[in-house]
Ligand code: ATP
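Numbering (our numbering), first residue to last: 3 to 240.
Next up, the structure:
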């Protein structure tokens with residue numbers, strides 16, 4: 003089943019067209035990576051999918067339902083959740099209080115204590131740091147809180163904006179392992195926006211290369227990873 007369908011979406015900032023008729027779709031339980039250089043329009047695209055920016059034209063459907071101009075809250079209610087690049091944690095609140103915010107979007111009415119146990123099992127360091135203020139955590143730990151909070155919301159579709167940015171490779175791997183595990187075990191559908199093309203293609207069932215607001219290549223993660231032209235530009239010579 004197609005879980006998320008983005009159809010000819012265009013978004014502008016005044017005269018600047020940042021997303022120019024982008025279409026892609028994601029099957030239930032798949033991970034789709036959107037890769038491309040800085041400024042290609044990836045963040046704008048995710049924000050428009052989430053309803054945080056109003057598109058000029060095009061549409062987004064979730065589980066077959068066209069969302070039109072539905073606001074962010076409605077998209078969250080229907081099972082979409084965005085972890086933004088800046089993570090948007092409350093720095094002067096504890097780790098645990100930040101995680102609790104995910105329960106407001108939890109669609110299954112699960113018990114917070116159970117959810118917390120689950121997240122602390124995924125990221126044991128957060129259990130150790132649960133009483134610490136989020137603003138005093140390392141970047142990697144903050145990203146774990148942001149992702150933990152999202153997983154507590156039990157979304158159908160998780161949108162991740164550059165989760166690897168500024169983080170050590172080991173932490174990035176740990177975070178990606180958790181995401182891929184959720185995909186496998188819970189059928190979570192994921193859209194991953196990444197400048198780190200190597201990482202994004204390794205995890206991807208399908209991937210789309212975006213340049214100046216348009217999709218210029220698409221294929222399986224493997225196909226794009228083996229694409230000569232793409233690998234010269236985005237994967238370096240290694
Ligand atoms: P990055 O990895 O740097 O976030 P990106 O691929 O996510 O890049 P966007 O941030 O979506 O790209 O930016 C796409 C284009 O829109 C760029 O030309 C950018 O300068 C422009 N842009 C982004 N945000 C705004 C804004 N708030 N106002 C005006 N122009 C913007």
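Cβ atoms here follow ideal geometry from the backbone N, Cα and C, with glycine treated the same way.
Other residues of its chain near residue i: CB distance less than 6 Å, five sequence neighbours each side excluded
{"i": "residue 78", "result": "107"}
{"i": "residue 155", "result": "83, 104, 107 and 108"}
Sequence-distant residues of its chain with Cβ nearer than 8 Å to residue i (five each side left out)
{"i": "residue 219", "result": "210, 211, 226, 229 and 232"}
{"i": "residue 194", "result": "33, 34, 35, 36, 162, 165, 181, 202, 205 and 206"}
{"i": "residue 18", "result": "none"}
{"i": "residue 92", "result": "99, 100, 103 and 136"}
Minimum C-alpha distance to residue i - residue among the options
{"i": "residue 167", "options": "191, 150, 40 and 183", "result": "40"}
{"i": "residue 157", "options": "102, 139 and 110", "result": "110"}
{"i": "residue 51", "options": "44, 43, 58 and 62", "result": "62"}
{"i": "residue 198", "options": "182, 183 and 163", "result": "163"}
{"i": "residue 129", "options": "98, 159 and 152", "result": "98"}
{"i": "residue 6", "options": "71, 183 and 30", "result": "30"}
{"i": "residue 150", "options": "170, 133, 191 and 89", "result": "89"}
{"i": "residue 46", "options": "224, 159, 112 and 216", "result": "216"}
{"i": "residue 153", "options": "64, 172 and 183", "result": "183"}
{"i": "residue 44", "options": "72, 121 and 213", "result": "213"}
{"i": "residue 196", "options": "186, 189, 169 and 185", "result": "169"}
C-beta atoms of residue i and residue j nearer than 8 Å
{"i": "residue 136", "j": "residue 95", "result": "yes"}
{"i": "residue 60", "j": "residue 10", "result": "yes"}
{"i": "residue 74", "j": "residue 53", "result": "yes"}
{"i": "residue 28", "j": "residue 222", "result": "no"}
Neighbour-count burial assignment, residue i, 16 or more Cβ in a 10 Å radius
{"i": "residue 178", "result": "buried"}
{"i": "residue 56", "result": "exposed"}
{"i": "residue 126", "result": "exposed"}
{"i": "residue 165", "result": "buried"}
{"i": "residue 145", "result": "buried"}
{"i": "residue 239", "result": "Only weak support is given to the placement of residue 239: the predicted model assigns it a pLDDT of 46, under 50, and the value that follows is read from those uncertain coordinates. Residue 239 is exposed by the Cβ-count criterion."}
{"i": "residue 15", "result": "exposed"}
{"i": "residue 38", "result": "buried"}
8 Å contact criterion, which residue i and residue j should meet: CB distance rounded
{"i": "residue 161", "j": "residue 48", "result": "5 Å"}
{"i": "residue 101", "j": "residue 118", "result": "6 Å"}
{"i": "residue 159", "j": "residue 64", "result": "7 Å"}
Same chain, Cβ closer than 7 Å to residue i, five either side skipped, listed in chain order
{"i": "residue 66", "result": "none"}
{"i": "residue 12", "result": "19, 21, 22, 23, 57, 58, 59 and 60"}
{"i": "residue 131", "result": "97, 139 and 143"}
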